[in-house]
Each structure stands twice: as C-alpha cells, then as structure tokens.
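J.: Quick one: structure below, then a few questions.
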Amino acid sequence: MTTNPQSRTQWLGRWGFILAATGSAVGLGNIWKFPYITGEFGGGAFVLVYLACILAVGVPVMMTEIALGRRGRGSPIDAIRRVVGESGRGSAWSLLGWMAMLCGFLILSFYVVVAGWSFSYLWKMLSGGLAGSSVEEMAAIFGANNESPLNLGFWSTLVTVATMVIVGKGVQAGIEKSVSWMMPGMVVMLLVLIVYGMFSGGFGDALRFLFSFDAGSLSSEGMLAALGHAFFTLSLASGAILTYGSYLPARASIARTTLTVALADTLVALMAGLAIFPVIFANGMSPSSGPGLIFMSLPLAFQAMPLGTLFGILFFVMLSMAALTSSISMVEATVSWLCDNKGFSRRTASWGTGIVLWLVSTLAMLSFNVGADWTLAGKHFFDWLDYLTARWMMPLGGLGMVLLAGFVLKSETFREELGLSAGWHALWLFMVRYVSPLGILVIFVDALGITRVDFALHWPWLLAVLVVITLVGELTSPRLRRVLCP
Ligand code: PFF
30 MTTNPQSRTQ WLGRWGFILA ATGSAVGLGN IWKFPYITGE FGGGAFVLVY
80 LACILAVGVP VMMTEIALGR RGRGSPIDAI RRVVGESGRG SAWSLLGWMA
130 MLCGFLILSF YVVVAGWSFS YLWKMLSGGL AGSSVEEMAA IFGANNESPL
180 NLGFWSTLVT VATMVIVGKG VQAGIEKSVS WMMPGMVVML LVLIVYGMFS
230 GGFGDALRFL FSFDAGSLSS EGMLAALGHA FFTLSLASGA ILTYGSYLPA
280 RASIARTTLT VALADTLVAL MAGLAIFPVI FANGMSPSSG PGLIFMSLPL
330 AFQAMPLGTL FGILFFVMLS MAALTSSISM VEATVSWLCD NKGFSRRTAS
380 WGTGIVLWLV STLAMLSFNV GADWTLAGKH FFDWLDYLTA RWMMPLGGLG
430 MVLLAGFVLK SETFREELGL SAGWHALWLF MVRYVSPLGI LVIFVDALGI
480 TRVDFALHWP WLLAVLVVIT LVGELTSPRL RRVLCP
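The sequence shown begins at 30 in my numbering and counts up by one.
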C-alpha cells in the first residue's frame, strides 16, 4: 500500500524547505567537526579545498537529490522507484533508496551519542560541573562523562526522545515549526559568540588561521577529509535531503534553493570557526587538539574569560539545537516510508523507529565504557558506524545518484525538474556525469587502501582521467545507459 504521491504534504512557508534543509546540513559537522579538522589539517588551505569540494561535488549531488525527491514525491525508496519507472528503467535502482534510508538511520545511531555530549555539557555548564583548571583535568571530566553508561545513555536517550517527539508531530507542525525558531535562534547565538570572540584578543589569529593560504600545510589526507566532509555536512546520500525535497512545492527553484542551503551551511561552519578559534588562541591553546577541541579546550578557555560561563552556556545551547535540527532529518526518510507503505500513523512510525534507534545507539554509546573492548578489526561499534557510513555508504550512495541522474534517467526528467538554462544544465550534467564520480572514486581508492590520491601532486593525472572519462562517456553514453539499466 503506497499513499498517493499527489496528495503528499508540502512545506507551508516559502522558507520551509530552506530552513529545514539548512537545519539538516548545519549540525555537529559544522560546529564540532569542521573546526577541529580545519585545525588538524592546517587552516586556510584546507578551507579552500573544502569549498572547492562543496561546489564541485556537494552542490551537483544535492540538486540531484532534491530533484529526485520532488519528482518522485516519496521516501527515497518510493521516489527513486517512481522516477526510474517513469523512464522505463528497472526497479533495482530503488536499492539506492534503501541504502540512503539505512545510512541516515545508522548515522543517527552514533550522532545521538555526540549530541548527547553537547546536552550533557550544557548541563555541566549550568550546574558548575566543568570546573577544571588544566587540559588534563578537562580531559578527566570528559572521560568521566563517558565512563558511566547510565550517564551517557541518559543523554543520548534524551536526544532520541526529543528527535522523535518533533518528527512524530509531522512535517509542518513538527519539523517546519521547530526549525523556524531554532535556526534563526542559532544564528543569533553564533553572532553573539563571534562578537565575544572579537573582544577576546585572539580574533586576528583566528582570521589568519582560517583564511591565510599556505599550500605547504595541505596534506593528501586533509584533502580527502575535505571531500568526505562535504558529503557529511550537506547531509547527502542519507535520505534526508531527498525526503525533504519530496515536500518541496513545484514552483521552487532547485538550483537557487541548493545554493542557498550550501552557502548557509558553509557560512555557519566558518562562523563556528570564528566563534571558537579566537577563544582558543586568546588562551594560548592549540587549534589542533582534535575531537576534544570543543569539549575540552573550549570550556577551559571560556572559564578563563570574563562572563565565560554565560557564553559557554550559549555555545552549548547553540550546539545542541544544531544537533537536533540535523537529527530530525536523519529519520524522516524512515518515518515517511513507514507511513506511506505500512499504513502507520506518524506517531506510531516515529516511536517504532525511535525504539530501534535507541537499541542501536545504546550499543554505540557502550563503545565508550563497558564495550570499550568489543572491537572488530581494531574498531569499536561506534567507529564502525562512522566508518561504514562516511567512507562507504555516503560515497556509494552519492555515486549511485549521480550515475542515475547522469546516464540512466531520461534527460527530460532533470530538464523539467531543474529548469536550468541550456548552459547551466550542461554544466550540471558534466558535474554529475564526470566530476562528482571521479571525486567519489578517489574516496574509494583510499578507503580500499589502494593508494592515497594527493590532489596537489596528482592533479595532472586527475585532469587526464577526467578528460578521458568525459570523452569515453560522451561517446558511449547510449551504450553505457543500456549496461547500467538492467
Ligand atoms: N549535516 C549534518 C552535520 O553536518 O552535522 C550531519 C547529517 C545530517 C548527516 C543529516 C546526514 C544526514 F542525513
């Protein structure tokens, strides 16, 4: 039983989709991960590569996903099946929808644990539980927070429940309503924190760190991280954007909407850097302290500053809201599929999904305490979830989507959905057919341990490969289409 796609809910307001999709994109990836990987991989040069990846791979893939969602008006599985059916192609492609849906669910299973850190730190800030005076003491507080499964489990459960309450209320009354105040609220808090950073004494250093280009600091590992992060930060290939796109009104421009979301996401990541690094530099700390940057160095730095606790609270409120607006997007695909295909009410579908999610995320949470020794090939369950989704499912899903769009579907489908001028359409097609797949293949080559592609060193090779695959692709695309379409 599938509900009628024509009667599918749509975003109420003009900004509904943009706020929800930006809410999905802006999350722990921007505020927790982006600053620390920028710190690890050397600052400005990394930022530049990251921006290039967003433009060359992120934007074309996001446009493709939104178009698939809107055209198919359903969860990733149903939408892809419909769109592929419309072009007279085999339904095996809907496996791509299954993978995307699973990917969003698995990401959320470990995401709620990290979001739980944020909520617990907010509580610690409020209750004065962060009174450490050295990095070692802060590390001990972070360790103690993770050590107790009851404590960590409580916070990740809280995030799971909050996510499901919002999703259970529906697309308009739950998701749209919550993002319509959380997103502006978050931006205001971020701006306040940047102004605070300006007066901290470390702002100049932060600007220099984020925006000065030193090609020597670029490593191939950094470039790969930038490419992988472009996928994660734009919530690609995890069902979120495609499902949100299925609620997009027909008159909205997909290209304009995508650019707005990608720009907002990038701006927030840079703004997070401008809020965090001044405080870090002003206290003489290292920007490259890894995942602990905002949970150890930053709280310590806040403590040493006037009104630091207040601004620390603001920081963790903002981080928790960013995490929540992303979490809700990761289960929407599953909930929407259950409602459309199994006849569940939204509330039942949400709580059912929530229970399974809770079980998986509890296993992920245990990686930090009682399950610390449960490893497979040297990785915990938590690390496996991260590795499988970021290194395999997201790139594989992205590759599938661009091949589907570039070679399999009838060209009218995307001409109609995207509504671009001939020149822009050709550019988009070139990106999804050749540039994005090549970028994604580089991730696989690395994940398989074949070799590490160093863009700075190997760019002539990459360019040559691009030219060759473009020529071969253009010459053989009708035949290629037959191969790709069982
Ligand atoms: N884009 C989110 C972030 O940067 O934190 C993470 C994310 C959200 C990934 C939604 C995947 C997803 F479906």
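C-beta: ideal position from N, C-alpha, C; glycine also.
(1) Report yes if the C-beta of G56 is less than 7 Å from at least one heavy atom of the ligand PFF; otherwise report no.
(2) With the cut-off set at 8 Å, would you say S282 and M359 are in Cβ contact?
(3) Just mark A160 as buried or exposed, buried being the case when its beta carbon has 16 or more other beta carbons within 10 Å.
(4) Determine contact between the segment 93 to 110 and the segment 126 to 138, defined as no fewer than three beta-carbon pairs at a distance below 8 Å.
(5) Please report the distance separating the alpha-carbon of S356 from that of D234.
(6) L405 bridges to which residues according to DSSP?
(7) Taking the CB atoms as reference points, tell me whether G468 and V86 lie closer together than 8 Å.
(8) For the alpha helix (DSSP H) that contains R285, what are its first and last residues?
(9) Are at least three pairs of beta-carbons, each pair with one atom in the segment 178 to 185 and one in the segment 330 to 343, less than 8 Å apart?
(10) Within the chosen definition, does the segment 456 to 466 reach the segment 164 to 176 through at least 3 CB pairs nearer than 8 Å?
(11) Answer with buried or exposed for T38, where buried requires no fewer than 16 other C-beta atoms within 10 angstroms of its C-beta.
(12) How many Å lie between W184 and L292 at the Cα?
(13) DSSP on R118, reduced to helix/strand/coil?
(14) Where do the ends of the alpha helix (DSSP H) carrying I270 lie?
(15) Can you give me the start and stop residues for the alpha helix (DSSP H) that N174 sits inside?
(16) Helix, strand or coil, according to DSSP, for L80 in the structure here?
(17) From which residue to which residue does the alpha helix (DSSP H) around L253 run?
(18) Please report the Cβ distance between M193 and T354, rounded to the nearest whole angstrom; I am assuming they are in contact, meaning their Cβ atoms lie under 8 Å.
(19) Could you tell me the alpha carbon to alpha carbon distance between E69 and I195, rounded to whole angstroms?
(20) Excluding the 5 residues flanking K439 on each side, which residues of the same chain have their C-beta closer than 7 Å to its C-beta?
(21) Check whether the segment 403 to 420 and the segment 216 to 223 touch, using three or more Cβ-Cβ pairs below 8 Å as the test.
(22) If you draw a straight line from the alpha carbon of F63 to that of V55, how long is it in whole angstroms?
T.: To lay it out plainly:
(1) yes
(2) no
(3) exposed
(4) Yes: at least three Cβ pairs fall under 8 Å.
(5) 33 Å
(6) K408
(7) Yes; because the gap between Cβ atoms is below 8 Å, this pair is in contact.
(8) The continuous alpha helix (DSSP H) containing R285 extends over residues I283 to A311.
(9) no
(10) no
(11) exposed
(12) 31 Å
(13) Coil at R118, not helix or strand.
(14) Judged by DSSP secondary structure, I270 falls within the alpha helix (DSSP H) whose first and last residues are A269 to G274.
(15) V164 to E176
(16) helix
(17) S249 to T262
(18) The Cβ separation is near 14 Å, so there is no contact.
(19) Roughly 35 Å separates the two Cα atoms.
(20) S116
(21) no
(22) 11 Å
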